[in-house]
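Count along the sequence shown starting at 1, add 322, and that's the number in the numbering used here.
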Amino acid sequence: MFAFCRCVRAAATRRHVGIVLGRRVASSRGIGVDSRRTYSLTSAQPHASDTIYALSSHPGKSAVAVVRISGPLTQSILQRMVPSALSIRPRHALLTKLVHPNDPSSVLDTCLCLWFPRPRSFTGEDMAEFHVHGGTAVVSAVLKSLQLDGVRMAERGEFSRRALDNGKMDLTALEGTADLLNAETEAQRRLAVRQSRGELHQLYEQWRCTLVDLLAQLEAYIDFSEDENIEDDIYPSVRGRASKLLRAVAAHLNDERRGEILRNGIALAIVGPPNSGKSTLLNKLARRQVAIVSPLEGTTRDVVEATLDIGGYPVVVQDTAGLRRSSDIIETEGIRRAVESARAADIRIFMLDVQALASAEWLDLLRLPHTFVVFNKTDTVRSERTIERAKQWAHSVGAPALFISCATNAGWSELVDKLAAHIRGSWESSDKTQMPLTNARHREHLERCMAHLVAFEQVDDVVLAAEELRRAADALGRITGRMEIEDVLDALFGQFCIGK
Numbered sequence: 323m324f325a326f327c328r329c330v331r332a333a334a335t336r337r338h339v340g341i342v343l344g345r346r347v348a349s350s351r352g353i354g355v356d357s358r359r360t361y362s363l364t365s366a367q368p369h370a371s372d373t374i375y376a377l378s379s380h381p382g383k384s385a386v387a388v389v390r391i392s393g394p395l396t397q398s399i400l401q402r403m404v405p406s407a408l409s410i411r412p413r414h415a416l417l418t419k420l421v422h423p424n425d426p427s428s429v430l431d432t433c434l435c436l437w438f439p440r441p442r443s444f445t446g447e448d449m450a451e452f453h454v455h456g457g458t459a460v461v462s463a464v465l466k467s468l469q470l471d472g473v474r475m476a477e478r479g480e481f482s483r484r485a486l487d488n489g490k491m492d493l494t495a496l497e498g499t500a501d502l503l504n505a506e507t508e509a510q511r512r513l514a515v516r517q518s519r520g521e522l523h524q525l526y527e528q529w530r531c532t533l534v535d536l537l538a539q540l541e542a543y544i545d546f547s548e549d550e551n552i553e554d555d556i557y558p559s560v561r562g563r564a565s566k567l568l569r570a571v572a573a574h575l576n577d578e579r580r581g582e583i584l585r586n587g588i589a590l591a592i593v594g595p596p597n598s599g600k601s602t603l604l605n606k607l608a609r610r611q612v613a614i615v616s617p618l619e620g621t622t623r624d625v626v627e628a629t630l631d632i633g634g635y636p637v638v639v640q641d642t643a644g645l646r647r648s649s650d651i652i653e654t655e656g657i658r659r660a661v662e663s664a665r666a667a668d669i670r671i672f673m674l675d676v677q678a679l680a681s682a683e684w685l686d687l688l689r690l691p692h693t694f695v696v697f698n699k700t701d702t703v704r705s706e707r708t709i710e711r712a713k714q715w716a717h718s719v720g721a722p723a724l725f726i727s728c729a730t731n732a733g734w735s736e737l738v739d740k741l742a743a744h745i746r747g748s749w750e751s752s753d754k755t756q757m758p759l760t761n762a763r764h765r766e767h768l769e770r771c772m773a774h775l776v777a778f779e780q781v782d783d784v785v786l787a788a789e790e791l792r793r794a795a796d797a798l799g800r801i802t803g804r805m806e807i808e809d810v811l812d813a814l815f816g817q818f819c820i821g822k
């Protein structure tokens, strides 16, 4: 085994199997056979050596505004703007007056100043923050004073981009940060926090390092099997570990897109006959007037959507045209779209007037999974026999039934609670240790990785097998950013605010 380990090191030194844009590269850094960063964004970033600044808090009047600075001139700026700069302790707040860098007698504000010397900062560079009063004139004066030689306003997401370039974050963590900035519900926040803390990075990097190790072993086996004392069981051992990894990737992908659904919003379609209360239900869920409500049948002709927070989960609720036979061309198209939305939705509410049950023509929609029958207008019921008849009808079609009145709010809390509980049970994983897959980009590269692992199992030639492992590792590297990834960075950083 000692001889084999020596051969692995020799193969890594000689061949430097890289994982850079799908090709092997010779490099003094040994790309691909260790766990160091293999991407470089500096060349693609204009003025990456500049010192940058920006307002990191929300623009407009506030109690406190945060001005962030990062780059090689940060310490010089502090010395010019903070009279007591020499007494600043790293990562400790200092209450101080803030002066104009070109006129020390001109006091801009009294602020809290924080100093983060590299590399222990968000960006990995020298970095500082001024926590000033949030008045418009104060913030404007501070930002204007920073217009110095070699210092410029940051571009969108540039602080985070520098954090990536300096190895402080990986691409999955940055995507998690972007999701956190855009999170509107508790479920989205929980997912984004976990991803921004690096849970996906740890998983994918562990898999990538396993592939890199297997690849290095195969390379050594190919290079030295004829002239060194290489154990015969090395190739079978590599195949066994690759097979185990394949099963892990497949299990991660086989999640019914739960994470992506929670991240992007659960589609809930409200369908049913005309005047059953579909538009009223949407308006009540949204707590505002989203859809037009009218006693005239056929008012809703197209799908009307609203993104809502139901029990802490993001839900895209769709109001649809009433289901009935119609000779009107426009209404018929609306009905077709209603049925299409119902079939594509994650959850369906089949809305009925409790005294007017649905015809058999639409019963196939009720048999789709995640479908609830909601009987409305219970305030108009005069006989308990009507409720019993509705219950029996719902039981006969195999759908859970709920009874509400949009007019009196009867049954409303139960409906919302049932929806939230159903979402939680259907899409939120009970395994809190397993970070769900939340991003379609990740899924695409994981599917590529799995395809190459399957091809690895099917090929007999060792050299071709090594190539499949390299491509599998390449696919994983594209998720975390351990390679040239400029094609996804510009779109990602465009989602960030200027001071992030």
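Yeah, the Cβ is synthetic: ideal placement off N, Cα and C, and Gly gets one too.
Proximity of the stretch 451-459 to the stretch 431-440 meets the contact definition, three or more beta-carbon pairs being nearer than 8 Å. Here Ile632 is bridged, per DSSP, to Tyr635. Measuring C-alpha to C-alpha distances from Phe444 to each of Leu417, Gly457 and Asp492 identifies Asp492 as the nearest. Only residues of its own chain outside the window of five on either side were considered, and among them Ser727, Ala729, Thr730 and Ala732 have a CB closer than 7 Å to the CB of Asp701, listed in chain order.
Proximity of the stretch 468-475 to the stretch 387-401 meets the contact definition, three or more beta-carbon pairs being nearer than 8 Å. For Asn424, no alpha helix (DSSP H) run applies, since DSSP gives it neither H nor E. Looking from the CA of Tyr526, the closest CA among His767, Asp739 and Val785 belongs to His767. When secondary structure is reduced to three states using DSSP, Glu627 falls in the strand class. Assignment of Glu477 by DSSP, reduced to helix, strand and coil, places it in the coil class.
Taking a cut-off of 8 Å on C-beta distances, the stretch 777-789 touches the stretch 553-566, as three or more cross pairs fall below it. Contiguous beta strand (DSSP E) elements confined to the stretch 401-463 occur at 416-422, 425-438 and 449-456, taking only those with 3 or more residues. When the five nearest sequence neighbours on each side are left out, the beta carbons in the same chain lying within less than 8 Å of the beta carbon of Arg413 are those of Leu436, Trp437, Phe438 and Arg442, in order along the chain.
Your pair Ile592 and Leu603 checks out as a contact, with CB atoms roughly 6 Å apart and the cut at 8 Å.
Within the DSSP secondary-structure output, Asp675 pairs in a beta bridge with Ala678 and Asn698.
In the DSSP secondary-structure assignment, Ala723 is bridged to Val695. Leu496: member of the alpha helix (DSSP H) spanning Leu493 to Asn504, first to last residue. Around the CB of Leu417, fewer than 16 other CB atoms lie within 10 Å, so the residue is classed as exposed. Secondary structure remark: continuous alpha helix (DSSP H) runs of at least 4 residues inside the stretch 568-600, in chain order: 580-586. For Thr654, the enclosing alpha helix (DSSP H) starts and ends at Ile651 to Ala666. Our two residues, Asn424 and Arg402, have alpha carbons roughly 8 Å apart in a direct line. Annotation: Glu653 to Glu582 spans about 33 Å, alpha carbon to alpha carbon. Contact fails between the stretch 637-645 and the stretch 707-724, because fewer than three Cβ pairs, one in each stretch, are under 8 Å apart. Ranked by Cα distance from Val784, the options Tyr557, Arg765 and Asp487 are led by Tyr557. Short of 8 Å from the beta carbon of Val515, and not among the five residues preceding or following it, lie these beta carbons of its own chain, in chain order: Gly498 and Leu502. Here DSSP, grouped into helix, strand and coil, assigns Val560 to helix. When Ile657, Gly634 and Leu522 are compared, the shortest CA-CA separation from Val626 is found for Ile657.
In chain order, Asp631, Gly634, Tyr635 and Pro636 place their CB closer than 7 Å to the CB of Thr507, counting only its own chain and leaving out the 5 sequence neighbours on each side.
Ranking Arg579, Ser598, Arg647 and Leu533 by CA distance to the CA of Asp668 puts Arg579 first. Closest by C-alpha distance to Gln756, out of Val429, Val404, Val421 and Arg512, is Arg512. In the three-state DSSP reduction, Thr708 falls in the helix class (H, G or I).
Less than 7 Å divides the Cβ of Ala628 from the Cβ of Ala608. Pairing Glu750 with His774 gives a Cβ-Cβ distance that is not under 7 Å. DSSP, read as helix, strand or coil, puts Val515 in helix. Spatial neighbours of Val404 in its own chain (CB-CB distance under 6 Å, excluding positions within 5 residues in sequence) are listed in chain order as Thr418 and Cys435. If the five residues before and after Gly587 are omitted, its C-beta is found closer than 8 Å to the C-beta atoms of Thr629, Pro636, Val637 and Val638, all from its own chain and listed in chain order.
In this structure, Phe697 keeps its C-beta atom at 7 Å or more from the C-beta atom of Val719.
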